[in-house]
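Engineer: One point on numbering: in the UniProt record's numbering, the residue at position 130 of the sequence shown is 130, and numbering is uninterrupted. We treat Cβ as the ideally placed atom computed from N, Cα and C, and that holds for glycine. Nothing here was measured: the structure is a model prediction, and the numbers come from that model. Questions regarding the structure given below will be posed in turn.
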Amino acid sequence: MYTNHTRNQRLASALAYSGLLPFIYFPIYLFFTGNNVIFGFGVEALLVAYSAVIVSFIAGIHWGIFLFKQGPLNLFLYSNIIALLAWLSIFSIFFLNLIILILCLFFLLLIDSALLNQQLLAPWFYNLRLQVSTLAVLSLFSYGLIAL
């Protein structure tokens with residue numbers, strides 16, 4: 001029988017990996033169809049907007065850590081700056097928006113690493129974030145290569 005803790009870890013993993021589906025789908029769609037429009041929207045715009053939502057969501061996790069675990073004050077500032085940069089990427093030109101989002105995901109991982117070292121983030125969650133963020137970054141990078 002699973003404990004609630006184990007169930008929560010499994011649920012977090014399932015949600016995190018399912019959140020990768022758009023990251024994986026859009027580059028594959030562009031590669032195999034050569035079509036940059038899906039459902040009447042630009043594939044790049046959908047991928048960038050989705051990535052900005054994910055970056056904002058992760059920044060929100062950092063807010064929660066700050067509020068409920070007495071995290072460092074700069075966590076408030078950094079998470080806000082990163083979320084705003086992700087949203088500004090929506091209005092950037094092609095490839096610059098992908099670079100901004102990749103950097104946002106990278107900096108969020110750096111913050112996660114610091115939180116892990118301060119024992120404010122569980123090791124299993126850090127490992128999950130590392131794996132999922134790596135795959136998201138690879139997806140954004142591959143989309144950029146395919147779209148060139």
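#1: Can you tell me whether ASN97 is buried or exposed? The criterion is at least 16 other CB atoms within 10 Å of its CB, across all chains shown.
#2: How big is the Cα-Cα spacing for LEU30 and ASN36?
#3: Could you spell out where the alpha helix (DSSP H) holding LEU116 opens and where it closes?
#4: Would you report the Cα separation of SER139 and CYS104, rounded to the nearest angstrom?
#5: Taking VAL55 as the reference, give the member of LEU108, ALA12, HIS5 and PHE125 with the closest Cα.
#6: Would the stretch 82-91 count as touching the stretch 51-69 if we require 3 or more Cβ pairs under 8 angstroms?
#7: Between the C-alpha atoms of PHE106 and PHE39, what's the straight-line distance to the nearest angstrom?
#8: Grab the span of the alpha helix (DSSP H) containing ALA49 for me, first residue to last.
#9: Tell whether a beta-carbon distance below 7 angstroms holds between VAL137 and ILE81.
Structural biologist: According to the structure shown:
#1: buried
#2: 6 angstroms
#3: 96-117
#4: 14 angstroms
#5: LEU108
#6: yes
#7: 30 angstroms
#8: Per DSSP, ALA49 is one residue of the alpha helix (DSSP H) stretching across 43-69.
#9: no
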